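Participant:
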Amino acid sequence: MFPSENLGLAVVDGLVNGSVIAFIALGLAIVFGIMNVVNLTHGELYMFGAMISWLLVQAALPYASALVVAPLLVGGLAVVINMLILQRFEHEPGQTVLATFGLLLIMQQVGLAVLGPAPRSIPPPFNPIIEFSGFSYSGFKLLAGMISLAASLLVWIGVERSRIGPLLRAAQENRLMAESLGINTSRVFMIGFVLAGSLVGLAGALTSPFRQIHFLMGFDALAMSFVVVVLGGVGRIGGTIAAGVALGLLESLAALFLAPTVARVLTLTLALIYIVARRLGSVKGVWRY
Amino acid sequence: MRPRPTNIAALIIPVILAAAYPALPDYQKALMSRVLILSIYSYGYAVCFQMIGVMSLGHAALFAAGMYGAGFYAFYVSPDPFPALSVGVASSVLLSMLLGVLAMRVGGHYLMIGTLLASQTLYLAALHFNDITGGEQGLVLRGEATIVRALKPLLSELDARYVASLLALTVAVVGITLLTSSRLGRLLLAVRDDEEKLESLGYNTSLLKLLAFSISGALSGASGSLIALLYGYVGAGYAGVLNSVEPVLWVLVGGPYVEFGPFLGCLLVNLLADAARALLRGHVLVVGAGLVAFALATGRLRWAYQLMARWRSRAA
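Residue numbers (the numbering used here), protein chains in the order written: chain Y, 12 to 300; chain C, 20 to 335.
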């Protein structure tokens, strides 16, 4: 049917892609999953992370600088968006969807103005070829996947074990009650946005050497992030990570048999049906009228 | 049932549009034809958003289903615009029923994200099968496949587009006014206002919502089919996410009266976007800035937020 080295490559590539998907979705798992803010600019923040890296490399700065600058700038941007716009209406869902969608379109145009219509790329700073039995793999990509997974797990443990997780949940569940207990909820939201923004900015910088940097790259990241967050169970960071890795693996394995776009369409459709079925309790419930 | 005063006001729209036509310069005639077709889409969205209070972010899929349905028929089967139009509407009704079965059962964020993902999936599919759909470049239909050619003996190309789109809009407006004053229309509004109460009275609200979503699909698909059959072109761009969000903006700008709001909103936004074309892809920027501005201008939009709040509390 297919040589076993293809299977090995698909598994490794799937795990790497899955870890990257999970890392990209992490910020959304905090902002949407825990804080219940439907932030549609998440994908564009990711694009900005990659764009900033490209600009730095264009300016002859070392790639490593992007890993510091991109999270800082994107985290800052997330805070500005929160302060200037989302906080004005206290993250009311309907208004948030409209406003962040508007911002998404504007940010996309900024991306177009900076990057131009053609995709850009950054050469990886180092790229040893790792030999597995029967196939070889990009060393940089493998490292980026491992960093993504490790960072995601660290953030998960960090948020759940520290005061941040409970604070974020408290501020979301009952703002008034949290306030009356002396929690500065707008500061808590701010922390959430800084964390989410800098994480997704870092993800943009980390993945920029092996992904095409394009002004429309954000939407795909956003869609996958939402799928992963909802699949993993809203509000559960660990679930998001697991779902990200599983989805990456599934898509990679499906791509052995199908064209990549068909594999993507299939994965999204399965995810959609799963989400609806979960909301209704059973798959049969979906068809009962 | 007694007609509502807004119904009568809505019926004036086609009359004004017909009367104003001779006075318009050629450029505005062309612009207005497009606006008229898109307003049908706007009405379609309004049936979903304003009548049953469901905010979909994936209506471009329904629009595109109509466009591709009509376009494929005219391109591959027979270059005859009128059967193509019915094929277009039928395919979007079919898709809206399929999508509605899934989407109308969930609420809140799940519905918004679900519809967004569903339409994005179809967009990707349209890009992928580009040997059939022509992808982003699209397909150009033969001249005889367009409605413009069918009206050729009577009217010039410019006039034909305007007359055909005005005719279609008139049908849509009359249809909407009939719907809002009918028993079914009242039931749909009742779904929006208090779904639980209606359910306890023995109505199948899921079915009512599915019906409304299908009507919405029919109008959106009709608009998409007309774009294909009047301009002789179908392209994946229309299936993109921007085309899902624009009707949200139109309907919000148009205000709470479902009979004429969708038209007014569509007209205003498109005129504004046309004026902003000088900017870099100004159209997208106008839509983006418009959405942010509307989100911030809460007071003016109270009706929309009340609507969404009701729907959310139900969904929770």
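Each residue gets a CB set at the ideal place from its N, CA and C atoms; glycine is no exception. Since the structure is predicted, the reported quantities are computational estimates derived from the model, not experimental observations.
Strictly under 8 Å for the Cβ-Cβ distance: is Y/Gln-98 near chain C by that measure?
Facilitator: no
Participant: Can you grab the Cα-Cα spacing for the pair Y/Pro-177 / C/Leu-283, in whole Å?
Facilitator: Roughly 47 Å between the two C-alpha positions.
Participant: Locate the alpha helix (DSSP H) running through Y/Tyr-148, then write down its first and last residues.
Facilitator: From DSSP, Y/Tyr-148 is part of no alpha helix (DSSP H) but of the beta strand (DSSP E) over 147–149.
Participant: How would you list, in chain order, the residues of chain Y whose beta-carbon sits under 7 Å from the beta-carbon of C/Val-264?
Facilitator: Phe-112
Participant: For chain Y, check one thing: does any of its Cβ atoms lie closer than 8 Å to the Cβ of C/Ile-206?
Facilitator: Per the sequence shown, residue 206 of chain C should be read as Leu rather than Ile. By this cut-off, C/Leu-206 is not an interface position.
Participant: From what residue to what residue does the alpha helix (DSSP H) around C/Ile-234 run?
Facilitator: Unbroken alpha helix (DSSP H) run through C/Ile-234: 224–250.
Participant: Taking the alpha-carbon positions, what's the Y/Glu-55 to Y/Val-166 distance?
Facilitator: 21 Å
Participant: Classify C/Glu-218 as helix, strand or coil using the three-state DSSP reduction.
Facilitator: It is helical.
Participant: Measuring alpha carbon to alpha carbon, tell me which of Y/Pro-73, Y/Leu-126, Y/Gln-69 and Y/Val-49 ends up nearest Y/Ile-92.
Facilitator: Nearest to Y/Ile-92 by C-alpha distance, out of Y/Pro-73, Y/Leu-126, Y/Gln-69 and Y/Val-49, is Y/Val-49.
Participant: Counting along the chain, where does the beta strand (DSSP E) carrying Y/Ile-224 start and finish?
Facilitator: That residue, Y/Ile-224, is in no beta strand (DSSP E); it is neither H nor E in DSSP.
Participant: Could one say the Cβ of C/Tyr-129 lies closer than 8 Å to chain Y's Cβ atoms, at least one of them?
Facilitator: yes
Participant: Could you tell me if C/Asn-289 is buried or exposed, where buried requires 16 or more neighbouring beta carbons within 10 angstroms of its beta carbon?
Facilitator: When all chains shown are included, C/Asn-289 counts as buried.
Participant: According to DSSP, simplified to helix, strand and coil, what is Y/Arg-131?
Facilitator: strand
Participant: Give a single yes or no on whether C/Gly-243 has its beta carbon closer than 7 Å to a heavy atom of the ligand PLP.
Facilitator: Ligands in the displayed structure: none, and consequently the ligand PLP is not present.
Participant: Put Y/Leu-72 into one of helix, strand or coil per three-state DSSP.
Facilitator: coil
Participant: Quick one: is Y/Gln-183 near chain C, going by C-beta distance under 8 Å?
Facilitator: It does not: the Cβ of Y/Gln-183 has no partner Cβ on chain C nearer than 8 Å.
Participant: Tell me which residue opens and which closes the beta strand (DSSP E) that Y/Ile-140 is part of.
Facilitator: 140–142
Participant: Rank Y/Phe-204, Y/Asn-195 and Y/Pro-134 by C-alpha distance to the C-alpha of Y/Val-68 and give the top, closest one.
Facilitator: In terms of CA proximity to Y/Val-68, Y/Pro-134 leads the group Y/Phe-204, Y/Asn-195 and Y/Pro-134.
Participant: Could you name the residues of the same chain whose beta carbon sits closer than 7 Å to that of Y/Phe-151, not counting the 5 residues immediately before and after it, in chain order?
Facilitator: Pro-135, Phe-137, Asn-138, Pro-220 and Phe-221, listed in sequence order.
Participant: By a C-beta neighbour count over all protein chains shown, 10 Å radius and 16 as the cutoff for buried, is C/Glu-155 buried or exposed?
Facilitator: exposed
Participant: Check whether chain C comes within 8 Å of Y/Phe-230, counting only Cβ atoms and requiring the distance to be less than that.
Facilitator: Interface residue (Cβ-Cβ distance to chain C less than 8 Å): Y/Phe-230 is classified as such.
Participant: Is C/Val-159 helix, strand or coil by DSSP?
Facilitator: Here C/Val-159 sits in strand by DSSP.
Participant: Spatial neighbours of C/Met-20 within its chain, please: C-beta separation below 6 Å, excluding the five flanking residues on both sides.
Facilitator: Note on C/Met-20: pLDDT 47, under 50, position unreliable in the model; the coordinate value appears next. Contacts found: Ser-200.
Participant: Are C/Lys-216 and C/Val-73 touching if we call contact CB-CB under 8 Å?
Facilitator: Judged by their CB atoms, C/Lys-216 and C/Val-73 are not nearer to each other than the 8 Å cut-off.
Participant: Between the stretch 14–33 of chain Y and the stretch 248–260 of chain Y, do at least 3 Cβ pairs fall closer than 8 Å?
Facilitator: Three or more beta-carbon pairs separated by less than 8 Å link the stretch 14–33 of chain Y to the stretch 248–260 of chain Y, which places the two stretches in contact.
Participant: DSSP three-state label for C/Val-73, please.
Facilitator: coil
Participant: Since C/Cys-67 is in the alpha helix (DSSP H), which residue starts that stretch and which ends it?
Facilitator: First-last for C/Cys-67: undefined, no H or E at that position.
Participant: Cβ of Y/Gln-120 less than 8 Å from any chain C Cβ?
Facilitator: It does: the Cβ of Y/Gln-120 has a partner Cβ on chain C nearer than 8 Å.
Participant: Could you check the C-alpha separation between Y/Leu-277 and Y/Ile-63 for me, to the nearest Å?
Facilitator: Their backbone Cα atoms lie some 33 Å apart in a straight line.
Participant: Against Y/Leu-279, what residues of chain C qualify as contacts under a CB-to-CB distance less than 9 Å, listed in chain order?
Facilitator: Leu-136, Ala-137, Gln-139, Thr-140 and Leu-143
Participant: Using 8 Å for Cβ pairs, my map puts C/Val-311 next to Y/Gln-120. What's the rounded Cβ distance?
Facilitator: With a Cβ gap of about 13 Å, C/Val-311 and Y/Gln-120 do not count as contacting.
Participant: Roughly how far, in whole angstroms, is the beta-carbon of Y/Met-58 from the beta-carbon of Y/Gly-122, given that I think they are within contact range, below 8 Å?
Facilitator: 5 Å
Participant: With 8 Å as the threshold, decide whether the Cβ of Y/Arg-275 is near any Cβ in chain C.
Facilitator: yes
Participant: Given that a residue counts as buried once 16 or more other Cβ atoms are within 10 Å of its Cβ, and exposed if not, what is C/Asp-212?
Facilitator: The residue is exposed, with fewer than 16 neighbouring Cβ atoms inside 10 Å.
Participant: Would you kindly work out how many angstroms separate the C-alpha atoms of C/Tyr-222 and Y/Ile-175, rounded to a whole number?
Facilitator: 46 Å
Participant: Compute the beta-carbon to beta-carbon distance between C/Met-86 and C/Gly-119, rounded to the nearest angstrom, for a pair I have assumed lies under 8 Å.
Facilitator: About 19 Å separates the two Cβ atoms, so there is no contact after all.
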